[in-house]
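Everything on this sheet refers to the single structure shown next.
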Amino acid sequence: MSAQAERRTAPPAKKGAEPRGPRAPVGERLAAWRDQHFFSFFSSLGRLAARPWATLLTVLVLGFAIALPLLFWVVFDNARELSGGLREAREITLFLKPALDARHADAFAAELRRRDDVAAVLLRTPEQGLAEFRDLSGFGEALDALQSNPLPSVLVVTPRDSGASEDPPLVAAMQADTRVDLVQYDAAWRRKLGGILHFGERVVAVVAVLLALATLLVIGNTVRMDIQARSAEISVMQMIGASNGFVRRPFLYAGLWYGLLGAVFALLVVVVVEVALAEPVARLVESYANRFALHGLDPGVAAAVAAASALLGWCGAWIATARHLAAGRPA
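As structure tokens, then:
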């Protein structure tokens, strides 16, 4: 009797309602999620390969946009390394009066060595200067035709490190000395060089940010046009119950591929430029009696550039798909 009463008092089932089946285990759901991502990852690459010319044009635009700040960065990185020794050098070069003979020049050097603010003094005689100039210039026959040696004695003075950034008082003292014809102290020039390099690095950072935004917009616009071309397919998927994540996923991977391929092309451009300029730069530096090897991007930096470009592509595609999905799903 009580069972019949329970059946009479039970609420009627909703019309059209269907009982929900048991939920799939977590392992099966993770496997399905993984399979969907793998499929979207490779199918998006297949769609790019199906239209090679459009894909190539987009990759070239992205590659040159990414390569420009990379090339600037390589240039300033090499310039900073090349100028490192110059900025650390603190020698003061004193060109003595031509009338000062070797004995007086040696006495002047000994006088400077006794100063507390002087660490070392190197005397270069006119004969040593002429021999060095002969080796560097290659004008041996022209120098042999000279009646006398026109070069003066030179003192290379290394001041003690006082920790101050301004010019040491020794410079002013040598400029006032009547035995000195010219004082060459390039600390001010080295400070200017450091300022120029710092300014250049800041410009490279600003250009990199601007071109990163351009990369984001280019990929976003490319994905937006792809979405418009497949709008009918997307509408059908939404009508049969496809989630926003399912609709968005292939476009996200397409943006990732655009960014990654653009970065690979940019790195190839940097390598080609490095190979093309390595020999001329080495010859130019060697002409100044120095050795320097042009270096490009470190593998870690190259990997970071590729990852950042892929992330920009992913974000650009996300923005494009979010705008489309925000328009609403079909009724």
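For any residue, its number in my numbering is found by taking its place in the sequence shown, counting from 1, and adding 333.
Backbone N, C-alpha and C define an ideal beta-carbon position, used for all residues, glycine too.
- The stretch 576 to 591 and the stretch 642 to 650 touch, with no fewer than 3 CB-CB distances between them shorter than 8 Å.
- CA-to-CA, the gap between Arg523 and Leu610 works out to about 25 Å.
- Arg581 counts as buried, since no fewer than 16 other beta carbons sit within 10 angstroms of its beta carbon.
- Here Leu404 is not near Val569, since their CB atoms are 8 Å or more apart.
- Burial check for Ser486: the Cβ neighbour count within 10 Å reaches 16 or more, so the residue is buried.
- In chain order, Pro485 place their CB closer than 6 Å to the CB of Pro431, counting only its own chain and leaving out the 5 sequence neighbours on each side.
- The bridge partners DSSP lists for Phe428 are Val487, Leu515.
- For Ala398, the CB contacts under 6 Å within the same chain, skipping 5 residues up- and downstream, are Leu544, Ala547, Thr548 in chain order.
- Minimum Cα-Cα distance from Leu488 among the listed residues Gln461, Leu427, His437 corresponds to Leu427.
- Between Asn411 and Leu627, the gap from beta carbon to beta carbon is short of 8 Å.
- For the pair Arg448 and Leu455, the Cα-to-Cα distance works out to about 14 Å.
- Sequence-distant partners of Leu433 (beyond 5 residues in either direction) whose C-beta falls short of 8 Å from its own C-beta, in its chain, are Phe441, Pro485, Ser486, Arg512.
- In the three-state reduction of the DSSP assignment, Leu630 falls in the coil class, being assigned neither a helical nor a strand state.
- A direct Cα-Cα distance of roughly 12 Å separates Phe466 from Pro483.
- The C-alpha of Gly646 lies about 21 Å from the C-alpha of Arg367.
- According to the DSSP secondary-structure assignment, Leu456 is paired through a beta bridge with Leu488.
- Asp510: not part of any alpha helix (DSSP H); DSSP gives it neither H nor E.
- A Cβ-Cβ separation of about 3 Å places Gly595 in contact with Leu395 under the 8 Å criterion.
- Residue burial is scored here from C-beta neighbours: Met507 has at least 16 other C-beta atoms within 10 angstroms and is therefore classed as buried.
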